[in-house]
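Down below is the structure, laid out as structure tokens.
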Amino acid sequence: MGETSSRQLSVSEMGRDERRSVEHLLGHSLQDDEQVYILAFKPGVIPDNDTRQRALASLKQTFAAAEQHSIQQGVADDEIDAAVDEAMDRIRYGKP
4 MGETSSRQLS VSEMGRDERR SVEHLLGHSL QDDEQVYILA FKPGVIPDND
54 TRQRALASLK QTFAAAEQHS IQQGVADDEI DAAVDEAMDR IRYGKP
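Everything in the sequence shown is counted per my numbering, starting at 4 for the first residue and increasing by one.
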């Protein structure tokens, strides 16, 4: 049975030390209007169905909240795609 844990944090609600730690892990500063989603799991271990369903529900809730936020802020889909591409390039290729 695999154990998976996740946590969603609002940057504006983080304590100073917590925020610094997350910024250090991510390698960049965070903005107050950002959300951080942390997921911990054991690679190669398949979680049971109940755990998978809870994780799926949590992800759907996170995606819905992100979509609502982008709509409220007037962010276009192509801007979101560009931000995701930029983040992936940072991870894959170490680009600044």
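For each residue, glycine too, the CB sits at the ideal point set by N, CA and C.
(request) Given a cut-off of 7 Å, decide if residue 12 and residue 39 are closer than it, judged by their beta-carbon atoms. (result) yes
(message) Quick test of your reading: residue 58 and residue 7, contact by CB under 8 Å. State the CB separation rounded to the nearest angstrom.
(response) 6 Å
(request) Note the first and the last residue of the continuous alpha helix (DSSP H) segment covering residue 67. (result) 52-76
(request) Output the boundary residues of the beta strand (DSSP E) element that contains residue 39. (result) 38-43
(message) I'd like to confirm the pairing. Which residues does DSSP put opposite residue 11 in its beta bridges?
(response) 40
(message) Assuming contact is defined by CB atoms lying nearer than 7 Å, are residue 15 and residue 42 in contact in what I supplied?
(response) Judged by their CB atoms, residue 15 and residue 42 are not nearer to each other than the 7 Å cut-off.
(request) State the Cα-Cα distance for the pair residue 53 and residue 46, rounded to the nearest angstrom. (result) 18 Å
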